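Here the protein sequences come in this chain order: A and B.
For the first sequence, this note's numbering begins at 51 and goes up steadily by one.
For the second sequence, this note's numbering begins at 2 and goes up steadily by one.
Backbone N, C-alpha and C define an ideal beta-carbon position, used for all residues, glycine too.
Computed from a predicted structure; not experimentally measured.
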Amino acid sequence: MYFRRSRRLLLLAAALLACHGVARADEMKTLHVGMIPTIDFAPFYAALTNGYFTEEGLKIDLTPTTGGAVGIPAVVSGALDIAAGNVVSTILAASRGLDIIAIAPASKVRASDPDLAAIVALTASTLHSGADLNGKTLAVNTRANVLWLYGRAWVRKTGGDPDKVTIKEVPFPQMLDALKGHQVDAAFMVSPFLNAALADPAFQRIGEPYQQVQPDVDVGQYEATNAFVREHPKETAAFLRALRKGAVWFNANRRTPALADIVAGYSHLSAGLVAKIDLPEAPMTIDPAQIGKTIDLMRQEGLLKAPMDPMKIVYTPATRP
Amino acid sequence: MIDKETAALPNEADGTRASPATAAVGAPKARSRRMTALAETRISGFVLVLALLALWEVSARLHWTSSTNWPPFSAVVHAALLGIGSHELLAPLAGTLARMLAGFAIGSFLGMVAGLLLGASPLAARAFNPLIEVLRPIPLPAIVPPLILFLGVGDGLKIFVTAVGTFFPVLVNTFGGTRDINSTLLQTAATFRVGRVATLAHVILPASLPAILSGLRVGLGLALVVTITAEMIAGAGGLGYFLVQTQYAMRPAEMYAAVLCLAATGYLLNRGFLAIEARLIVWHGSGHRQSR
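Set out below in C-alpha cells:
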C-alpha cells in the first residue's frame, strides 16, 4: 500500500515536472543583479525603468549593494549573476585568483567631461597640490581601493609624497563634517557629496585626480564570472544589449527631467539636486588600454605585486566559447 | 533599591573616615532617600531623555555645529511621522523585525538546547568549552563579507548572523543556569529514579529558567543590533539598509527618523520581554514555594 501511494506520488511529481518544463519554455529568464544605487549606474536604471531588459526577455531581480566588498563575493559565490563594481575591485579580486571579469563599462572620466570626483579642502586653507598635502591628512571612502589609488597617484603627480600623506577612511556622508572639524585636511569626494561641498563657499576644489592622473579612465563596471558568461551566453548578450540601449538613452537624455526623476527614484536624492549634477556621457565599450594603465598604477602604489594582462578581466568576444 | 542602599553605605563610611571633600558627598539620609525615591520612578529617566532631546533641538536650531548632518529633532520627528504615514519607514521596519525574530528564534532555541546538553554532560562541557570561548568573541560584522560567499546577500545571511549573535549569550547563560542548580534537586530526582530526559525537562529546565531568560534578554537586544548591522553591510532592505541609503542620499532627518524608530523598537521589545519574564518568574517562584 505504501508502495502504491509512493508510486502515485512519483507519477504526480513527474506530471508536475513536465508541466513545469512546458511553462518554463516561454518564461522570462531571471538575472540576479546587485547594483550600487549611485549616479554612476544611472544607465542601468534607465534601461530598467524603460523596460529594455523585459524587451530582451530578462527579468531583473535587483539587490542594492554597497559596493565591491559585497558585490564581488556575491557574484563569485553565484548568489548574484551580475554586480556593479569598480575597476580596482575587479583587478584586485582577479589578482587573488577569484573568477571575475568586467562585462561592461559603467562610468568613464573623459578629459572633456565634468569630473564628478575631486579633492576638496577648506577655502581658508593654503592647500593646492599634492606637495602641500605632505604631512597632512587626506580622506577617502575606502582604503586600498579606487579613490585611495588615484588620490595617492594625484599626490605623487602634483609634487607630493603619498607616503607622507596620512590617508584616513571616512564615509562620503561624513567628509564635509570631517573637513569642517579639521579631522582631515582634504577629502576625495564624489557627486552628489562633491556638489554639496562646492555649493558651500567654505570649500574649494584643489584637484581632479582622475583627469590629472589618467584621463579617459574606466571607473565603474558591471562584473560577472567567466563561469556565468560561459554557461549563459544568451542571457549575457541580452543583458548587454539592454544595458547598451539604456546607455544610449542616457546619453540622449542627460539633461532631461526624465533622467533626473529616474536617478532620484533609485538613489533617493532630491530631483532638484540631481538636476544640478552635470552627468558625464556613459561609455559604450571597455577600453583594455585604460585597464592596463590602472594596473600599472596599482603596481606603482603597491596594490598589486605582479603584472596582469588587462584582457584577463575584460569580457570580449574572444573570451566567449 | 537594595543595591543602591548597600552601595551607598560604604561611601558614607569612607567619607567620615577620609577627606572632608568626600564627606560632603554623603548627603543627609532623608534627602538621599527622597532622591532615591525620585530616581526609582521612571519619570526621572524620561526627564533626562527630554532634556537631551531639547539640547539636540536647540543645538541644531542655533547652529552650534555647522553640520548638514545635524537636523533639529523636530525635523526628525516630522520625518518619522511622514515615514510612518507613507510606509517608507514601516515596511523596512517590518522586514528587519521579521529577519530579527527568525534569527532570534533559531539562535535562542539552539542556544538553549546546546546549553542544556552541556549542562547535562560534563564531558561535552569540557570538550566544547574552549571552542565556544574562541568563537564567542568574534565580532559579527567582521564575518559578514566572507559569509556572503556561502550565504549570498539575501535574508539567509542576515538570519544566520542574527542567530549566531543570539546563540552565544543564550548558550552561556543556559549552561551557567544548569550548573548553578541546587544539587539537592538533582539528588531528589535521582532518588525517585526520574529518567535523564524527564530530569532535564522537569527539574533542570525550570530551575535554570531565570538564567535562560536573562540570556534571552541579552540575546534579544543583540539580535536587533546584529540584524541592523548585517543589513547595513549587505543590505537590500530593512532599516539597516534604509539608514545607509538615507545617509548617502543626504537626507539626515530621515536617517535619524529610522534611528528613532529603532530606539523605540528596542525599548518596546525590552519592555515586552520584561513583561513576559515577570509572568514566567512568578510561575517559577510559586512553583518553587510549592515544592518547599
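ask   = Where does the unbroken alpha helix (DSSP H) through R255 (chain A) begin, and where does it stop?
value = Here residue 255 (chain A) is taken as the residue at index 205 of the first sequence, counted from 1. Run containing R255 (chain A): none in the alpha helix (DSSP H); it sits in the beta strand (DSSP E), 253-257.
query = Thinking just about the alpha-carbon of each residue, which of B:V195, B:I213, B:L225, B:A258 is nearest to the one in V114 (chain B)?
reply = Locating residue 114 (chain B) in the second sequence gives position 113, counting from the first residue. Minimum Cα distance to V114 (chain B) is reached at B:I213.
task = Answer with yes or no whether the minimum CB distance from P251 (chain A) to chain B is below 8 Å.
result = Numbered from 1 along the first sequence, position 201 holds the residue referred to as residue 251 (chain A). No Cβ of chain B is located within less than 8 Å of the beta carbon of P251 (chain A).
Nearest-angstrom Cα separation, counted from P170 (chain B) out to G116 (chain B) = If you number the second sequence from 1, residue 116 (chain B) lands on position 115. If you number the second sequence from 1, residue 170 (chain B) lands on position 169. Distance between the alpha carbons of G116 (chain B) and P170 (chain B) is about 10 Å.
message = My parser needs the alpha helix (DSSP H) runs of 4 or more residues fully inside the region 52-115 of chain B; what are they?
response = 74-86
key: Given A231 (chain B) as reference, the closest of B:L124, B:G157, B:P73, B:P253 once Cα atoms are compared   = For this step, residue 231 (chain B) is matched to residue 230 along the second sequence. The shortest C-alpha separation from A231 (chain B) is found at B:G157.
key: Inter-residue Cα distance where the pair is P211 (chain B) and V227 (chain B)   = As a working mapping, residue 211 (chain B) is identified with position 210 in the second sequence. As a working mapping, residue 227 (chain B) is identified with position 226 in the second sequence. Cα-Cα distance, rounded: 24 Å.
inquiry  = In the DSSP output, which residue or residues are listed as bridge partners for Y272 (chain A)?
reply    = The sequence position of residue 272 (chain A) within the first sequence is 222, counting from 1. According to DSSP, Y272 (chain A) bridges with A:A134, A:A154.
Where F151 (chain B) meets chain A, residues with beta-carbon distance less than 8 Å = Position 150 of the second sequence, counting from 1, holds the residue named residue 151 (chain B). Correct list: S127.
ask   = Which partner residues does K109 (chain A) have in the DSSP bridge list?
value = Here residue 109 (chain A) is taken as the residue at index 59 of the first sequence, counted from 1. A:T80, per the DSSP bridge assignment.
Contacts that Y257 (chain B) makes with chain A (C-beta to C-beta distance below 8 Å) = The residue you call residue 257 (chain B) lines up with position 256 of the second sequence. By Cβ distance, chain A contributes nothing, its closest Cβ being about 13 Å from Y257 (chain B), past 8 Å.
ask   = Among the residues of its own chain, which have a CB less than 6 Å from the CB of F238 (chain A), if the five just before and after it don't count?
value = As a first step, residue 238 (chain A) must be located in the first sequence, where it is residue number 188. The answer, listed in chain order, is I169, V190, L197, G201.
inquiry  = Let me see if you follow: with CB-CB separation under 8 Å, is R252 (chain B) close to chain A or not?
reply    = As a position in the second sequence, residue 252 (chain B) is number 251, starting the count at 1. So, interface residue.
request  = Indicate whether at least one CB of chain B lies closer than 8 Å to the CB of K109 (chain A).
outcome  = One-based indexing of the first sequence puts residue 109 (chain A) at position 59. Taking Cβ atoms only, chain B never reaches closer than 8 Å to K109 (chain A), which makes this a no.
query = Do you know offhand how far S292 (chain B)'s Cα is from I205 (chain B)'s?
reply = Your numbering for residue 292 (chain B) matches position 291 in the second sequence. Your numbering for residue 205 (chain B) matches position 204 in the second sequence. Confidence is the limiting factor: at S292 (chain B) the pLDDT is only 38, short of 50, which leaves the residue's position unreliable, though a coordinate-based value still follows. Just so you know, the alpha carbons of S292 (chain B) and I205 (chain B) end up roughly 14 Å apart.
query = Between the C-alpha atoms of W204 (chain A) and P330 (chain A), what's the straight-line distance to the nearest angstrom?
reply = One-based indexing of the first sequence puts residue 204 (chain A) at position 154. One-based indexing of the first sequence puts residue 330 (chain A) at position 280. Approximately 21 Å between the Cα atoms of the pair.
key: Partner residues on chain B for P114 (chain A), Cβ-Cβ distance less than 8 Å   = One-based indexing of the first sequence puts residue 114 (chain A) at position 64. Neighbours of P114 (chain A) on chain B, chain order: G236, A237, Y242, Q246.
Residues of the region 225-250 of chain A with Cβ closer than 7 Å to any Cβ of chain B, in chain order = L226, D227, K230, P242, A246
inquiry  = Is there a Cβ of chain A sitting closer than 8 Å to that of N130 (chain B), yes or no?
reply    = Residue mapping note: residue 130 (chain B) aligns to position 129 of the second sequence, counting from 1. Judged by the 8 Å Cβ criterion, N130 (chain B) is not in contact with chain A.
query = Who are the neighbours of I146 (chain B) on chain A, taking C-beta pairs under 9 Å?
reply = Along the second sequence, one-based indexing puts residue 146 (chain B) at 145. Reading off the sequence, residue 146 (chain B) comes out as Pro, not Ile. What P146 (chain B) touches in chain A: A119, V120, P123.
query = At a Cβ cut of 7 Å, what residues of the region 49-70 of chain B count as close to chain A, listed as they run along the chain?
reply = S67, S68, T69, N70
query = Should the region 82-93 of chain B be regarded as contacting the region 144-151 of chain B, the criterion being three or more beta carbon pairs within less than 8 Å?
reply = no
ask   = Does the Cβ of P357 (chain A) have 16 or more other Cβ atoms within 10 Å, making it buried, or fewer, making it exposed?
value = As a first step, residue 357 (chain A) must be located in the first sequence, where it is residue number 307. By the 10 Å Cβ count, P357 (chain A) comes out exposed.
request  = Could you tell me the distance, in whole angstroms, from the CA atom of F161 (chain B) to the CA atom of G121 (chain A)?
outcome  = Against the second sequence, residue 161 (chain B) aligns to sequence position 160. Against the first sequence, residue 121 (chain A) aligns to sequence position 71. Answer to the nearest angstrom: the Cα atoms are 19 Å apart.
ask   = By Cβ distance, which residues of its chain are closer than 8 Å to W71 (chain B), with the 5 residues on each side in sequence left out?
value = Within the second sequence, the letter at position 70 stands for residue 71 (chain B). The residues are S60, A61, P253.
message = Tell me which residue opens and which closes the beta strand (DSSP E) that F238 (chain A) is part of.
response = Counting from one through the first sequence, the residue named residue 238 (chain A) turns up at place 188. Here the beta strand (DSSP E) through F238 (chain A) covers 236-240.
query = Going by Cα to Cα distance, which pick from B:T266, B:P73, B:G238 is closest to L294 (chain B)?
reply = No answer is possible for residue 294 (chain B): it lies beyond the span of chain B, which begins at 2 and ends at 293.
query = Are the beta-carbon atoms of I345 (chain A) and Y272 (chain A) separated by less than 8 Å?
reply = Locating residue 345 (chain A) in the first sequence gives position 295, where the first residue counts as 1. Locating residue 272 (chain A) in the first sequence gives position 222, where the first residue counts as 1. Not closer than 8 Å, so no.
message = Using the three-state DSSP reduction, which class does E219 (chain A) fall into: helix, strand or coil?
response = Working through the first sequence from its first residue, we reach residue 219 (chain A) at position 169. If DSSP states are grouped into helix, strand and coil, E219 (chain A) belongs with the strands.
query = Apart from the five residues on each side of it in sequence, which residues of its chain come closer than 7 Å, Cβ to Cβ, to V165 (chain B)?
reply = Counting from one through the second sequence, the residue named residue 165 (chain B) turns up at place 164. Within the same chain, V165 (chain B) has close Cβ partners G108, L141.
task = Just the chain B side, please: which residues come within less than 8 Å of L130 (chain A) by C-beta, in chain order?
result = The sequence position of residue 130 (chain A) within the first sequence is 80, counting from 1. Chain B residues near L130 (chain A): G153, V154.
request  = Taking S162 (chain A) as the query, report the chain B residues whose CB atoms sit under 8 Å from its CB, ordered along the chain.
outcome  = The residue labelled residue 162 (chain A) in the question sits at position 112 within the first sequence. Ordered by position in chain B, no residue passes the 8 Å Cβ test against S162 (chain A), which lies about 28 Å from the chain.
query = Would Q264 (chain A) be called buried (16 or more neighbouring beta carbons within 10 Å of its own) or exposed?
reply = Looking up residue 264 (chain A) in the first sequence gives position 214. Result: buried.
query = Does the distance from the CB of M193 (chain B) to the CB of G112 (chain B) come in under 8 Å?
reply = Counted from its first residue, the second sequence places residue 193 (chain B) at position 192. Counted from its first residue, the second sequence places residue 112 (chain B) at position 111. Here the sequence assigns Phe to residue 193 (chain B), which means Met is not the residue at that position. No, the Cβ-Cβ distance between F193 (chain B) and G112 (chain B) is not below 8 Å.
task = Mind checking which residues open and close the beta strand (DSSP E) that includes I169 (chain A)?
result = Sequence index remark: in the first sequence, residue 169 (chain A) carries index 119 (1-based). Looking at the DSSP string, the run of the beta strand (DSSP E) that includes I169 (chain A) is 167-172.
query = So, is the C-beta of S175 (chain A) closer than 8 Å to a C-beta in chain B?
reply = Taking the first sequence and counting its residues from 1, the one referred to as residue 175 (chain A) is at position 125. Chain B contact via Cβ: absent.
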